[in-house]
Amino acid sequence: MPSVNPVETGRLIYSVTQITREIKVVLESAFPQVWVEGEVSNFKLHSSGHMYFALKDAESVLNCAFFRGSNQGVKFQIKDGLKVLCFGRIGFYNKTGQAQLYVEKAEPKGVGELQLAFEQLKERLQKEGLFDQAHKRPIPMLPSKIGIVTSPTGAVIRDILHILRRRFNDIGILIYPVKVQGEGAAGQISEAINDLNRIKDIDVLILARGGGSLEDLWAFNEEIVARAIYDSDLPVISAVGHEIDYTIADFVADLRAPTPSAAAEIVIARKEDLSGKLDSLIKDMRSFLDNAVSLYENRLAGILESRAFKYPLEMIERYEQEIDDLCRRGDSHFSHSVEIRMEKLNSLIGKLDALSPLAVLKRGYSITLHIPRGKVLSGAKGKTLRDVKGIKTGDIIETRLAGGRLTSEVKQVAKEEIE
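So in the numbering used here, spot 144 of the sequence shown is number 1323, and the numbers just go up one at a time.
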């Protein structure tokens, strides 16, 4: 309760806590439910999942709190600059002395929530490259087995099966039943795509659903489905709604069919179409072979018209003459080279003969050897004598002449000085 000032009777004095409590009661009782329109600014997403932002117009700002329990159902992305309508209650936060809006639900201003969520997700996934043509996988012309993700009941699956059986009765078909609308549908569809990718003999997948509103088709606009299609190793055909209906799945898929029936017609060609393609391939092959034969015929004709082929003996004789000429030149060069080397060899032999000891002996000279005592009869080799030093009377010497050798005993040693 406020206190009464004893000096100024009748003046009520509130504490800060008291007055903020009063303001809180007044505001919250006056605005228990209210719609507020404004532009989002200063948006923050807390790790807890709570959202905090401000709504502003040209003159004022109102803080807002959008708690996780309430914001889970929001399809679109709240961000700065977006004009929204927020429904909730006005509260007063005593600690900051500020009023704020506790948001219970939010809608985009001027466009539907789902449409805005669609455009936002489409823009984000496109920037990530999920729609790029480079990632698109080719659809097999004649698959052996087709996986179909759709509701197990209704006209959609009946139409698909009718067309497939009519076009190719032996085709393998595996139906993976899922919810195609409502809560949990997106999770089932993405799980089906992942499971079918683990089955080895499936060649292509079809996602099928009949027409409906944007809300009816929303499961095929969920990010979890888009990423399952993008991560699929199998090519995916999206056949959702009517021709005018577009979903995020259509943009990510490898091929979009305008209707489920069209998907069945696309995935299995008619026998007439296959026959036409086969005829076209045969025609192309024949044309290729004809061109190849013509090319080699021209090459062969060129060879047959060449001089080497038309006048082979003349070419052989010409090459024989060239070979003979090379041989003659080779023989002449070899003989001349041998003569030069023989002359050098004879010259060296003459020089060696002139220096030979035998030649010296023939010119009247002799060689005298000193035979050690007691070795005369043993045939021991003596030491060549160059002068009389070391020779004594009685020593045995051997003199070698041109015709033989003489063995002598020294009777006298006389030294002479040679000028």
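Beta carbons: idealized from backbone N, C-alpha and C, even for Gly.
- The alpha helix (DSSP H) runs of length 4 or more contained entirely in the segment 1184-1223 are, from start to end of the chain, 1195-1209.
- Nearest neighbour of residue 1546 by Cα position, chosen from 1306, 1529, 1523, 1578, turns out to be 1578.
- Annotation for residue 1249: the continuous alpha helix (DSSP H) segment containing it runs 1247-1250.
- For residue 1549, the enclosing beta strand (DSSP E) begins and ends at 1546-1550.
- Under DSSP, residue 1578 takes part in a beta bridge, and its partners are 1547, 1585.
- Inclusion of residue 1265 and residue 1328 in the CB contact set at 8 angstroms is not warranted, their separation being larger than that value.
- For residue 1266, the enclosing beta strand (DSSP E) stretches over residues 1262-1272.
- Relative to the Cα of residue 1320, the nearest Cα in the group 1293, 1383, 1357 belongs to 1383.
- For the pair residue 1409 and residue 1309, the CB atoms are nearer than the 8 angstroms cut-off.
- The residue from 1210, 1460, 1416, 1423 with its alpha-carbon nearest to that of residue 1435 is 1416.
- Shown here for residue 1286: same chain residues with a beta carbon closer than 7 angstroms to its own, the five before and five after excluded, namely 1263, 1264, 1292 in chain order.
- CA-to-CA, the gap between residue 1447 and residue 1424 works out to about 23 angstroms.
- Restricted to the segment 1306-1334, not a single alpha helix (DSSP H) segment is unbroken, complete and at least 4 residues in length.
- Each of 1593, 1580, 1586, 1583 was checked against the Cα of residue 1569, and the nearest Cα belongs to 1593.
- For the pair of segments examined, the segment 1213-1231 was found to touch the segment 1250-1262: the number of CB pairs separated by less than 8 angstroms reaches three.
- Assignment of beta-bridge partners to residue 1572 by DSSP yields no partner.
- The alpha-carbon separation between residue 1385 and residue 1471 amounts to approximately 42 angstroms.
- Distance from the CA atom of residue 1337 to the CA atom of residue 1352, rounded to whole angstroms, is 13 angstroms.
- Taking all protein chains in view, the Cβ of residue 1426 is crowded by 16 or more other Cβ atoms within 10 Å, so the residue is classified as buried.
- For residue 1233, the uninterrupted beta strand (DSSP E) segment begins and ends at 1230-1235.
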